[in-house]
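Asker: Below you'll find the structure I mean.
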Amino acid sequence: MSIYGFIVLIHIISAVCGLGAAFALPVLMKKPETVTQAKFAFKVNAGIEKIVKIGSITLLVTGLILGALNPSLFTQIWYIVSIVIFIMVQPVVAVILPKKLAELEKLLNSIKEDKLPDSYFQISKQMAPYNGFTHLAAIVLIILMVLKPF
């Protein structure tokens, strides 16, 4: 296997780890019905989030290495659009969603009973459009990388 092929393999594994795990997080965080369940979901989320971060960073780095090894990629629209989409998603996944999760966690830590308040579900609903955006972006990125349509 060539170096380029090995980097492609790492890139694909990173996509599976980073993007795949990212699809699970919103589902996990919507399931709790009690404070105890929500706190457990946050612990599981923290572990999954590490996989997402490592996968996403590795995805970007390997993608850029592939471009460095094959500079003609920088003339391919699918490649450039993929990088732009990836960069556009970063403020959402690195700033907006973590702030919302921090709000939820702060709320959980202030609750004395085991019933989740309506405000928990309101914050969760506020996150839905951002999660939808990141999922759509991930699907588009996968389509671009697999089909290379232009």
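Going by UniProt numbering, the first residue of the sequence shown is number 1, and it counts up by one from there.
We put the CB at the ideal spot given by N, CA and C, even for glycine.
How would you write the range of the alpha helix (DSSP H) that Thr58 sits in, first residue to last?
Answerer: On the sequence shown, position 58 is the one that residue 58 refers to. Looking at the DSSP string, the run of the alpha helix (DSSP H) that includes Thr58 is 35 to 69.
Asker: Report the partner residues of Lys115 according to the DSSP bridge assignment.
Answerer: Residue mapping note: residue 115 aligns to position 115 of the sequence shown, counting from 1. DSSP, once it has assigned bridges, lists Thr34 as partnering Lys115.
Asker: Apart from the five residues on each side of it in sequence, which residues of its chain come closer than 7 angstroms, Cβ to Cβ, to Leu144?
Answerer: As a working mapping, residue 144 is identified with position 144 in the sequence shown. Once the five neighbours on either side are set aside, the close Cβ partners of Leu144 are Trp78, Val81, Ser82.
Asker: Go ahead and pull the three-state DSSP assignment for Gln76.
Answerer: Residue numbering aside, residue 76 sits at position 76 when the sequence shown is read from its first letter. Three-state result, Gln76: coil.
Asker: Taking the alpha-carbon positions, what's the Ile123 to Lys100 distance?
Answerer: Locating residue 123 in the sequence shown gives position 123, where the first residue counts as 1. Locating residue 100 in the sequence shown gives position 100, where the first residue counts as 1. Whole-angstrom Cα-Cα distance: 7 angstroms.
Asker: Using beta-carbon positions only, say whether Lys30 and Gln37 come within less than 9 angstroms of one another.
Answerer: Taking the first residue of the sequence shown as 1, we reach residue 30 at position 30. Taking the first residue of the sequence shown as 1, we reach residue 37 at position 37. Result no, Cβ atoms of Lys30 and Gln37 do not sit closer than 9 angstroms.
Asker: Evaluate the contact criterion for the segment 11 to 18 versus the segment 54 to 70: three or more CB pairs, one atom per stretch, below 8 angstroms.
Answerer: Yes: the two stretches touch, three or more of their Cβ pairs being nearer than 8 angstroms.
Asker: Would you kindly report the start and end of the unbroken alpha helix (DSSP H) that includes Ala94?
Answerer: For this step, residue 94 is matched to residue 94 along the sequence shown. Where Ala94 is concerned, there is no enclosing alpha helix (DSSP H), given that its DSSP letter is neither H nor E.
Asker: CB-CB under 8 angstroms to Leu28, same chain, minus the five flanking residues each way: which ones, in chain order?
Answerer: Counting from one through the sequence shown, the residue named residue 28 turns up at place 28. Ala41, Val44, Asn45, Ile48.
Asker: Taking the straight line between their C-alpha atoms, what separation do you get for Gln90 and Met1?
Answerer: If you number the sequence shown from 1, residue 90 lands on position 90. If you number the sequence shown from 1, residue 1 lands on position 1. Answer to the nearest angstrom: the Cα atoms are 32 angstroms apart.
Asker: Does the Cβ of Thr34 have 16 or more other Cβ atoms within 10 Å, making it buried, or fewer, making it exposed?
Answerer: Against the sequence shown, residue 34 aligns to sequence position 34. Exposed.
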